[in-house]
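Quick notes on the structure that follows.
Numbering (the numbering used here), first residue to last: 12 to 183.
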């Protein structure tokens, strides 16, 4: 229940393992989440993270960090990736490492990006929720009022500019 009502989900996919057992477990977990949400779509932001990218060879590390969506797509395969797309309309892929590429030091890769994105999604959802609390008929009126104020400001600025220009010419 907390998953489908939460501010976001961080789903970790181990870059080292891509087995049928892992994919079967992913399918089971997706099924449980959609059942809990009582919907085939889950309206919670999903950070789909290919983790432990520091264990990949140098070429694959660079590629996964450059295009995390392609790396996650390649890891999951097209069918399972498409299922994530259908279930989670708001999602983003990341390539992360909590340890980092250098042995003996801790220098995380991409972890802050995940947390920042989830925070931004939470803020946006809060703004959307506040906006949706405004009755529908007032939303249209608000847009009209903003347009009228903007037009009035543009006309006033134009009038002031023209009159100022004419006034300075008449003085000369």
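C-beta: ideal position from N, C-alpha, C; glycine also.
Is there contact between the stretch 24 to 44 and the stretch 114 to 126, where contact requires at least three CB pairs shorter than 8 Å? Between the stretch 24 to 44 and the stretch 114 to 126, the count of C-beta pairs closer than 8 Å stays below three; the two stretches do not touch.
Any idea what DSSP makes of residue 98, helix, strand or coil? Residue 98 falls in the helix class under three-state DSSP.
The beta strand (DSSP E) spanning residue 62 covers which residue range? Residue range 57 to 62 is occupied by the beta strand (DSSP E) that includes residue 62.
Taking only three categories from DSSP, how would you classify residue 82? In this structure, residue 82 counts as helix in the three-state DSSP scheme.
C-beta atoms of residue 56 and residue 127 nearer than 8 Å: In this structure, residue 127 does not lie closer than 8 Å to residue 56 by Cβ.
Give me the Cα-Cα distance between residue 54 and residue 18, rounded to the nearest whole angstrom. One C-alpha to the other measures close to 10 Å.
Which first and last residues belong to the beta strand (DSSP E) in which residue 21 is found? 20 to 25 is the span of the beta strand (DSSP E), which, as asked, contains residue 21.
Run through DSSP, which three-state label would residue 50 get? Secondary structure of residue 50 (DSSP, three-state): coil.
Which same chain residues, not among the five before or five after residue 72, have their C-beta less than 6 Å away from its C-beta? The beta carbon of residue 72 sits closer than 6 Å to the beta carbons of 64 from its chain, once the five residues preceding and following it are set aside; these are given in chain order.
Bounding residues of the alpha helix (DSSP H) (the contiguous stretch that carries residue 113): Careful: residue 113 lies outside any alpha helix (DSSP H) and carries neither H nor E.
Does DSSP classify residue 44 as helix, strand or coil? Residue 44 falls in the helix class under three-state DSSP.
Pull up the distance between the alpha-carbon of residue 10 and that of residue 112, whole angstroms please. There is no way to answer for residue 10, as the model of the chain reaches only from 12 to 183.
Best match in 99, 90, 62 for proximity to residue 48 [C-alpha to C-alpha]: Closest in C-alpha terms to residue 48, from the list 99, 90, 62, comes 99.
What would DSSP say about residue 28, mapped onto helix, strand or coil? Residue 28 falls in the coil class under three-state DSSP.
Going by C-alpha to C-alpha distance, which of 58, 23, 25, 46 sits closest to residue 131? Among 58, 23, 25, 46, the Cα nearest to that of residue 131 is on 58.
Would you list the one or two residues that DSSP bridges to residue 103? Residue 103 is bridged to 58.
Identify which residue in 35, 166, 60, 66 has its Cα closest to the Cα of residue 114. The residue among 35, 166, 60, 66 with its C-alpha nearest the C-alpha of residue 114 is 66.
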